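Written below as structure tokens is the structure these notes are about.
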Amino acid sequence: MITFSIDGREVQSPENLMLVDAAKYGDVEIPVFCYEPKLGNPVGACRMCLVEIEGIPKLQTGCSTPVKDGMVVHTQNTRVHEAQEAVVEFLLINHPLDCPVCDKGGECPLQDISFGWGGGRSRFIEPKRHFQKPLELSPLIAIDRERCILCYRCVRYSQEVAEDYQLVLQERGAASYVATFDGHPYVAPFSGNIIELCPVGALTSRPYRFRARPWDIEGSGSVCTMCPGQCNVTFTVRDDRVLRVLQRDNAEVDDGWLCDRGRFAYQAIHVDERVTSPMVRGQDGQLVPVSWDRALSEAAAGLTAAGSAVGALAGSGTTNEEGFLVQRIVREALGSRDLDSQRAPVSRDALLAISDPALQATVPDLEFAHAVLVLDTEPVDDMAILDLRIRKGVRRNHVKLAIASARPSSLDANAAASVRFAPGAGPAFAAELVSAAKGEPSSDDARSIVALLREAGEDVVILASERVGVALAALADALGLRDRAGAGLLVVPSSANGRGLREVGFLPDAGPGLSPVAEPGRHAGQIAEAAATGDITALWLLGIDPLRDLPYRLRWEQALSRAATVIAHTNFLTEGIRDHATVVFPAEAYAEKDGTLTHPDGRLQRVRPAIGHSGAGRYGWQVLTDLGTRVGLHVPRVLTSGIALAQLAQAVPFYAGITQDEIGGRGIRWQERPAASAFPAPAPASVNVSPAPRVGPSAPASGLRLGTFRSIWASPEVEHSPALAFLRPRQKIEMAPSDADRLGLGDGQRVLVSNNGTQVSATVALRQAIPAGSVFLQDGLAEDSANVLTGSIVEVRRA
Amino acid sequence: MAEVRRFEHGSRVPGWDASVDLRKDPAGVPDPATTPVPAELRAEIEAQMAKYPDFRSAALPALAAVQRHHGWCSPEGIEQAACVMRLTPGYLTAVATFYDMFDTVPTGRNRVYVCTNISCSLRGADELCHRIEQLTADDADIQVKHFECLGACDIAPMVSVNGIYVGPVELDEVDELIDDVRNDRDPLPRKQLRLRPSADTLPMGDGQ
Amino acid sequence: MNKLLFKDIDEPGLNTIDVYRRRGGYEQLRRALSMPREAVLNELLASGLRGRGGAGFAMGKKISFLPKGALDIYLCCNADESEPGTFKDRELMQKNPHMLIEGIIIAAYAAGANKSFIYIRGEYVLQADILDAAVLEAERAGFLGENILGSDHRLSLVVHRGAGAYICGEETALLDSLEGKRGNPRLKPPFPANQGLYQGPTLINNVETLATVPAIMGMGGDAYAKLGTETSTGTKLVSVSGHVKRPGNYEIELGVSSREIIYGLAGGPPEGRSVKLWFPGGSSSPVLTGDDLDLAYDFDTMAKAGSMLGSGAIIVVDDQTSVVDVAYKTAYFYRHESCGKCTPCREGTNWTVKMLERMKAGEATPMDLDIIASVCDNIIGHCLCVLGDAMAMPVGSMVAKFRDEFEEYIEARRQESYLGTADPEPELALIQGAVA
Ligand SMILES: Cc1cc2nc3c(=O)[nH]c(=O)nc-3n(C[C@H](O)[C@H](O)[C@H](O)COP(=O)(O)O)c2cc1C
Ligand code: SF4
Ligand code: SF4
Ligand code: SF4
Ligand code: FES
Ligand code: FES
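Protein chains in written order, with this note's numbering: chain V, 1197 to 1995; chain D, 497 to 704; chain L, 67 to 502.
What follows is the structure in structure tokens.
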């Protein structure tokens, strides 16, 4: 702490804070427009923050002057007032001052600063500039160039945070304006953040425009449940409807940004297609709305009839409490062992190894590590918000980034090294890395990556897909990451609350707290098989539609058709549910939910209801307790979400004692609580990895190797949000130009991709970076989804 | 009323009324697989990139190459340069529009820059410019631009013809000058700056 | 007078390495490389050479600010020369490019730089071509590259062509532009000496400054310091233009009288006319009047007179010219060249031009002069770089020094305009109300 003087008062603040921030320690506000530390170094463009510092003749910008001990600063003398008034006057000369019809009105920094620091008069009598407005900048964002004060925030964001370099300033001087290349729309996974950054009404959200005034709305904090990123959000609520989603800056989670799915998919809350009432399949085979009582008793009957032949699956935003209740019902009341929350099976031993608190990295570690290895995952698709965090680390802290993946990554350009392996060879490559790290014989690629990580320094964070499995723990150990603060593993689960679901026991081979089970049950793939053959007769689906979300679509179609009872908790009638569910419960939208989630780095976060339930909706834990009671689960009644949490905290030793209050608005990592010591020790043998022979990305003898991925835009919420619908992915096959040449195919051509008698149609997308011999298709689509195909080698031919 | 300068689409600043075309795809870094680049252009840009510790420094030379190649910094040309440099075309557009010498709208093959800054205007540049503009008004081959001080006020009023400085240009020489331009001749050879001796070495009193 | 920069400037073939060397070229480089770096720097410090690009900062001192150590140090020669009225670097580069290159190599040696760039404005096609050829010659002769003349000094030199933007002459904008960006100035600190090109320590000097270095090495820093005045040492190229009989570049010893330059060398305004006002240091310098002609032409005297020596470009305006036109041209230039990054410059230059346009259209009142003066005041000292000030200072000085003429002009134009025929009262009231 240092002491400096501001407006005649001694104030203490940390040294080297920028004056505008240091001034707050003395309750002095210095107005700013362009200053936004999240965008990188200050640029000093707007000149709003001029202050006088004794000993320096010129006024200085408070946003870029670090405070020093003994500094004497004035913000309230005539000289500074005149400068501030001058800047406000300059900013307003060409500003339309159309506040009455401006979406920003009432929450506009320009209004506030004009009022607080402006001279309250104008001497500008020339005609103001007038332009057409608002104009489209993208389907999501409108731009009003008359209002722009050229603060550079949006373009700095595009260049220095999202690094998409799409939004730029053109021309110069008073003619400068914010625009894109040749009239292309500004569409990027994180474009919406510029709306919140803009200090005036120049960039507005098209879905939100004119929906409300600041005095009509209330803000309500919660968490986005659309991907494992679990960004903190504030819902803007008017008349019990969510009209907007804003960031709720949490440096431990999201760093104050949101992806466009998280920002705009709230629209899917208030669409007619949403399931808002319980339904059962009637005599005519159609789903018809029924009372809760009827739906609950049909579901209970179906479950009871099936008994131990029930298979349960959970995904997307299913909370810890819901997952916990369901696993109890399945295990304790129905006597089944068949439940799973993972897309591909990872054994309990492996999970224990990779979830070991001694190996866990946090999200901010990505930013401050010496090196980050991204292994077999594409952050922007799998855990979107981390994409920005990784870029930030590389840009600001010179983190060395290494990428090992089958499909080219959007982070390749930032990486010090990128290597490719064949689709599906992630675990094998990880094993190679382990060998390389131990100095055993390994591939060149693996050795070069390990050398890069070692050279960068000791703090290495490995961001990897959960499917890589146990080798991750071995790799972390071989790199010496155990017990190292700021280093370790960050494992991306296959669904938004994947970590929470497995820690509350939604696994075939582990109970609550990853406790051992007497006899393991079936994992998702085996559940499909068992249902298809009739060994499982009831399927219970929480936030998951196997036809969309899981591999082997045809197998699942057989399974769903054959099962006598299919119970689904869902927001939308996606194919599998529409065609096969026998009982449908309305799931809650995330703005209606009450519960907790566990972030991939172990942070428990609260999802809090911002609005009441649509239609006949009910709290998930309430529905599940009712159902539990009906199938004979004998537990104390759950009357509130707090009780639900308390029950689960009792069952999960390393969550012991956690309460909603403790989680609070920012969440808390369980590894940082004393109870963390109760985490079960992994079986020592489990970290032994035998390197499997790896398949290189080279071309197979015949056909093409198929890789799949799920785009950030492949989700029912995107499909059902009118504003986002334009992003709904259509199947395309990404292929190397050399393969396309060989097959006589060109960019944009329609093709059929087939194997083992299955086929999907797709459009060719040529990409230089795709390794020859491999092609990539998307999963999670409504039509032509890659999970229709059953093998790893495909034929491609013109449609 | 004061004359308000307006461009053809009704506003005073080009581009400000331009909306995006929602049918277009977002413009990321162009994929080499789908962006053909003429071999010479690629070679030129790559050679420039090799000259600097950071390849981005080649942005200006690359845009100059695009302009030589395509006649102006066309969207197609900018995409090609962006593809070679692994930048977005937006980045290069931002750069191109900042500098006066890059044309981001199609323009005549001959670039005639008439200086109308202080020293030249003191010596009649405004009339000169007006005259040149009149004479070339319907010649699509010639771009006439008012330019700020071109650093040759000693030959005011002066004109740069495709980079060749000539001056002082008398009003009655304009016809000849433009004729030279039209016929790809050396512009007003007797008035070219490169031939001019230094004023410092001339004997006193030899001014014009 | 002793010519250092313009010695035999029109010698045929001086731009080739053969002629340059025949006349003793690159000998100073040889001598410098045989001395320790510090000794070379000491000569530069002793010479008192002040930067010729505009700010007049001592060159030796700037070099001594560079951090020592293993970092890559860069040298950028500022050949953007876009300050209206300035054309001295052009003639130097065109006619004696090797003197500049030799100066760059010596300065780089003193600074410990091994990568150098000449940022030349894109309009100077001929000069850039000549430089390119000269750099090639110097490389072939072993003056550039590794182990220059057998020493451990190495240096690369790239001629980088700009593309038409005055602001790229501002040193930090130059760096951004050289890095392939829009030429926006950067916040200072950090100063280029600490974090310049590619974030490395960088020395930036004007062409003339660097071209003087071989001469200083030749005669010794102390001898150089004896030329000129105590605080403005040496000789200076002055570009004289506007209403003079013999516009051109003249090499003078700093401290000669301004009258000697304007009348003696450049021949003064045409017969029968007198000097109404003159810019002593390019269009960015506050104007002086005919009364100031006997001031000595050096850094301090000009500063004391409320103006500045700037780039050493004298623009002479005679008594037949309206000061409003000059003010308008000046403001128009800066509006065109403002990079747009900071508010006071971007909006202030635009507003000033609009007010002057209104004057020319006969729609202004004397009140507008107060507003112009106030707008200029509001720009000065509030901008990110000094381009804003560079408009506000000369325009403000014109309004202050020629207020009567402005008022007459306004009235005369108003009479000619539609307002002259109508009853002006309501309009005026409106405008006054707005001024309050
Ligand atoms: C708007 C502006 C334009 C400038 N233009 C030039 C220029 O064209 N040439 C130049 O040498 N310096 C120019 N300068 C000065 C440079 O910023 C810098 O001070 C100079 O290059 C340093 O070199 P010197 O110390 O040798 O003079 C300009 C400064 C400003 C603020
Ligand atoms: S659009 Fe908004 S954020 Fe972007 S420069 Fe203008 S005012 Fe700033
Ligand atoms: S990154 Fe994930 S959690 Fe964050 S806003 Fe986007 S979808 Fe929601
Ligand atoms: S003063 Fe003008 S040129 Fe300088 S940074 Fe500001 S806007 Fe740009
Ligand atoms: S906030 Fe400091 S200059 Fe903009
Ligand atoms: S004013 Fe025309 S060249 Fe300088």
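Heads up, the beta-carbon is just placed ideally off N, CA and C, and yes, glycines get one too. It should be emphasised that the depicted structure is a prediction, and the values quoted were computed from it without experimental measurement.
Asked	Found
Could you tell me the distance, in whole angstroms, from the CA atom of residue 79 (chain L) to the CA atom of residue 85 (chain L)?	6 Å
Roughly how many angstroms lie between the CA atoms of residue 1484 (chain V) and residue 1924 (chain V), to the nearest whole one?	28 Å
Would you be able to state if there are at least three C-beta pairs under 8 Å between the region 447-466 of chain L and the region 339-359 of chain L?	yes
Tell me, please, whether the CB atom of residue 151 (chain L) is closer than 7 Å to any CB atom in chain D?	yes
Is it right to say residue 255 (chain L) is buried, meaning 16 or more other beta carbons lie within 10 angstroms of its own, or is it exposed?	exposed
Give me, in chain order, the residues of the same chain whose beta-carbon lies closer than 7 Å to that of residue 1500 (chain V); leave out the 5 immediate sequence neighbours on both sides.	1827
For residue 413 (chain L), which residues in chain V fall below 8 Å Cβ to Cβ?	1286, 1287, 1289, 1290 and 1370
In this structure, how does DSSP classify residue 1222 (chain V) when only helix, strand and coil are distinguished?	helix
Which same chain residues end up closer than 7 Å to residue 540 (chain D) when comparing Cβ atoms and leaving out the 5 residues on each side of it in sequence?	561
Find the residues of chain V that neighbour residue 589 (chain D), judging by a C-beta separation of less than 9 Å, and give them in chain order.	1364, 1366, 1375, 1376, 1377 and 1378
Specify whether the region 328-347 of chain L and the region 133-140 of chain L touch according to this definition: at least 3 beta carbon pairs, one from each stretch, less than 8 Å apart.	no
So which residues of chain D does residue 381 (chain L) contact, with C-beta pairs closer than 7 Å?	614 and 615
Determine the chain L residues that contact residue 1965 (chain V) at a beta-carbon separation under 9 Å, and present them in chain order.	Those do not exist, as residue 1965 (chain V) stays about 23 Å from chain L at its closest Cβ, beyond 9 Å.
Decide yes or no for the touch test of the region 115-125 of chain L against the region 272-290 of chain L: beta carbon pairs closer than 8 Å, at least 3 of them.	yes
Would you say the beta carbon of residue 1694 (chain V) is closer than 6 Å to some non-hydrogen atom of ligand 3?	no
7 Å is my cut-off, CB to CB: does residue 1901 (chain V) come that close to chain D?	no
In angstroms, rounded to a whole number, what distance separates the CA positions of residue 1541 (chain V) and residue 1736 (chain V)?	18 Å
Give the range of the alpha helix (DSSP H) segment to which residue 463 (chain L) is assigned.	453-467
Please decide whether residue 158 (chain L) counts as near chain V, where near means a Cβ-Cβ distance under 7 Å.	no
I'd like to check one pair, residue 1400 (chain V) with residue 1413 (chain V): are the Cβ atoms closer than 7 Å?	no
Residue ranges of each beta strand (DSSP E) run of no fewer than 3 residues wholly in the region 1692-1743 of chain V, ordered along the chain?	1734-1738
Ignore the nearest five residues each way along the sequence and tell me which others in residue 1409 (chain V)'s own chain have a CB closer than 8 Å to its CB.	1301 and 1302
Closer than 8 Å by C-beta to residue 481 (chain L): which residues in its own chain qualify, once you throw out the five before and the five after it? Chain order, please.	428
Could you give the uninterrupted runs of the alpha helix (DSSP H) lying entirely in the region 1819-1902 of chain V, keeping only those of 4 residues or more?	1837-1847 and 1856-1859
What does residue 437 (chain L) reach in chain V if we use C-beta pairs closer than 7 Å?	1319
Beta-carbon distances below 6 Å to any heavy atom of ligand 4 define the shell here; list its residues in chain order, please.	L:233, L:251, L:404, L:405, L:406, L:407, L:408, L:411, L:412, L:449, L:450, L:451, L:453 and L:454
Determine the burial state of residue 633 (chain D): buried for a count of at least 16 other Cβ atoms within 10 Å of its Cβ, exposed for fewer.	exposed
Determine the burial state of residue 1817 (chain V): buried for a count of at least 16 other Cβ atoms within 10 Å of its Cβ, exposed for fewer.	buried
Give, in chain order, every unbroken run of the beta strand (DSSP E) that is at least 3 residues long and sits entirely within the region 1923-1995 of chain V.	1928-1931, 1946-1951, 1954-1962, 1970-1974 and 1989-1994
Any chance the CB of residue 315 (chain L) is under 6 Å from a heavy atom of ligand 6?	no
Answer with yes or no whether the minimum CB distance from residue 1299 (chain V) to chain D is below 7 Å.	no
Among residues of its own chain, excluding the 5 on either side of residue 1375 (chain V), which ones have a beta-carbon nearer than 6 Å to its beta-carbon?	1366
Give me the residue from V:1503, V:1929, V:1545 and V:1657 with the minimum Cα distance to residue 1563 (chain V).	V:1657
Quick check on residue 1691 (chain V): buried or exposed, where buried means 16 or more other Cβ atoms within 10 Å of its Cβ?	buried
What span of residues does the beta strand (DSSP E) with residue 145 (chain L) cover, start to end?	140-145
Taking 6 Å as the cut-off, is the C-beta of residue 1452 (chain V) nearer than that to any heavy atom in ligand 3?	no
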